[in-house]
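Below is one structure, written out as structure tokens, with a few remarks after it.
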Amino acid sequence: MLLTNWRFWLALVVSALFMLLLLYQVDLGEIRSALLEANYLYVAPAIALYFVAVYFRSVRWRYLLSPLRTFPVNRLYPVIVIGYMANNLLPARLGELARSYYLARRENFNASAALATIAVERVYDGVTLLAFAAVSAPILFMLGQFDGGGGVSRTAWILVGGLMVVLFLGALVFLTCLAVVPRFLNFVQWCTNVIPARWGRNQVQSLVLTFVEGLKVLSSPRQHLALFVFSLPVWLLESSTYYLVGYAFGIDQLFSSVWVFLLVVLLLTATSNLATSLPTAIGGIGPFEVVAQQTLLALGVGASVGAAYAGFVHLIALWLPVNLAGLALVWKQNLSIKELTGGGEIPEPPLEQIDQPSGRTGQSMEDVS
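So our numbering is basically just the index in the sequence shown, starting at one, shifted up by 1.
Right, here's the structure in full:
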């Protein structure tokens, strides 16, 4: 049961602590005024753009899965929606597991290989967001937009940014080496040998091998470039949601031009989503709001207005709609949380049964050298 899971309660506590930190810095009366004065005509198109971004996520996932099997985008779209719903409602990013297990159940596919493609997707999300920050932050700094100050020092921003670069680029290098360097896979095999046989060493090694099969898309620089290109419309469309909600709250009027506001939105999209990349809170609630508000505060936006905007764009424009859509799909298909997280009988076909054009199918880990 979810309510007896310690990870759920830990994530709930983390979310609550971050939200209390946010509320400590703001005036509730000013938040109320910001919410009352917002122009909600922009909200519906903002939400629609988010679902278009999800469509482009489906296009990118189709490309990630293509070395193993070709899926129609309309088959992947509901899987992604359900996965995002599960990610928002379950602790420790269990939505990633839910998505891979649901694809396995729905399409008779290998869940471990699907999970590998999701890992690549997440890494490229981080790389794309870092690129947004690398473009927008220096220009905003040169334009003097950071003179507004804020509660977080520039040194802290630089340290956190450096940590994110190391985290995501390190993960990208690790996954690429696992995909294309046989000696690296042999090293991973050697590491798994320390697992006692009675604890499932053979099963772990089999999972590693099928996971590596899901990394085939990382086999060349051209494919890396294609993944980055596929990631751009995903995040540009999602940042459009931030942009329109910013108009709703009048935040655009605080900057000198529409181009400056566009750069602000790119930076805000990057910082707020990078803050939720670690599985510390349920649905990113808390860390997202605090980091988004601190980003706006550093750019001269008032603490209360920034908090109202951050909470609205996250909970109302991004979090709630995809959850409702995901729950509707789960209800329509008569699924349960247990089934989505692999508690039910999930088909796990061997890679020989997966329609794939090429690869190291059927090899044991010892054969890869």
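A virtual CB, placed ideally from N, CA and C, is assigned to each residue, including glycine.
Once the 5 residues before and after residue i are set aside, which same chain residues still bring their CB inside 8 Å of it?
i	result
P280	A12, P92, A93 and R94
G127	M165, L168, F169, A172, L275 and S278
V82	V55, V323, A326, G327 and L330
Quick check on this structure: which residue in the options has the alpha carbon closest to the alpha carbon of residue i?
i	options	result
T118	L131, I286, Y25 and Y102	Y102
L237	Y25, D253, A47 and A87	A47
F212	R199, L186 and S221	L186
S221	T242, L233, S258 and V181	V181
V15	Y85, H315, G285 and V323	G285
A114	I159, S67 and T129	S67
G30	W7, V218 and A308	A308
F133	A249, L77 and L267	L267
A45	A249, G303 and A329	A249
F52	W320, Q334, E108 and L336	W320
R8	L130, A282, H225 and F313	A282
V80	L330, V174 and Y41	L330
R223	E239, T177, W200 and R184	T177
G247	S257, F262 and L216	F262
L36	L336, A120, Q334 and V306	V306
H225	P183, V174 and W200	V174
A135	P322, G162, L210 and R199	G162
Of all Cβ atoms in chain D, is any one closer than 8 Å to the Cβ of residue i?
i	result
H225	Here chain D cannot be found, since the structure has a single protein chain.
What separation, rounded to the nearest whole angstrom, lies between the Cα atoms of residue i and residue j?
i	j	result
F372	S59	Residue 372 falls outside the range modelled here, since the chain spans only 2 to 370, and no answer is possible.
N111	A105	6 Å
F231	L264	21 Å
Y125	L298	28 Å
G145	L179	43 Å
F142	L208	46 Å
W260	P139	14 Å
S241	E340	34 Å
F188	D28	55 Å
S218	I317	According to the sequence as given, residue 218 is Val; it is not Ser. Roughly 35 Å between the two C-alpha positions.
Q23	E290	Reading off the sequence, residue 23 comes out as Leu, not Gln. So the two alpha carbons sit approximately 7 Å from each other.
I252	W332	38 Å
I196	R202	5 Å
R76	G327	14 Å
S34	L50	26 Å
Y78	F72	10 Å
A227	Y64	9 Å
W10	S257	44 Å
N335	V74	22 Å
L233	I32	33 Å
E239	S137	16 Å
A198	A120	27 Å
For residue i, I'd like the list of residues in its chain whose CB is within less than 6 Å of its CB, leaving aside the five on either flank, ordered along the chain.
i	result
T296	L269 and T272
G287	S16, F19 and M20
G84	G96, A99 and R100
F147	A299
Throw me the rounded Cβ distance for the residue i and residue j pair, which I believe falls under 8 Å.
i	j	result
T193	Q204	Their Cβ separation, rounded to whole angstroms, is 10 Å, which puts T193 and Q204 out of contact at 8 Å.
Q235	A54	It is worth fixing the name first, because residue 235 is Val in this sequence and not Gln. Going by Cβ atoms, the distance from V235 to A54 rounds to 5 Å, so yes, they are a contact pair.
E108	W62	At roughly 12 Å, the Cβ-Cβ gap does not stay under 8 Å, so E108 and W62 are not in contact.
A311	Q26	No, A311 and Q26 are not in contact; Cβ-Cβ is about 12 Å, not under 8 Å.
L116	G215	7 Å
L245	Y56	Rounded, the Cβ-Cβ distance is 17 Å, inconsistent with contact.
Run through DSSP, which three-state label would residue i get?
i	result
V218	helix
D28	coil
F72	coil
L91	coil
S278	coil
G345	Because G345 carries a pLDDT of 45, less than 50, the predicted location of this residue cannot be relied on, and the following value inherits that uncertainty. The answer is coil: DSSP assigns G345 none of H, G, I, E or B.
V124	helix
L144	coil
A12	helix
N324	helix
Q204	helix
N111	coil
L269	helix
G301	coil
Q334	coil
F250	coil
F169	helix
V189	helix
S34	helix
F256	coil
Sorry if obvious, but does the Cβ on residue i come closer than 7 Å to a heavy atom of the ligand GTP?
i	result
S113	With respect to small molecules bound, the structure shown includes none, and the ligand GTP cannot be examined in it.
Residues in its own chain within less than 7 Å of residue i by CB, not counting five upstream and five downstream?
i	result
N324	M86, N89 and L90
A39	A249 and F250
L255	G301 and V302
Y243	V266, L269, T270 and V314
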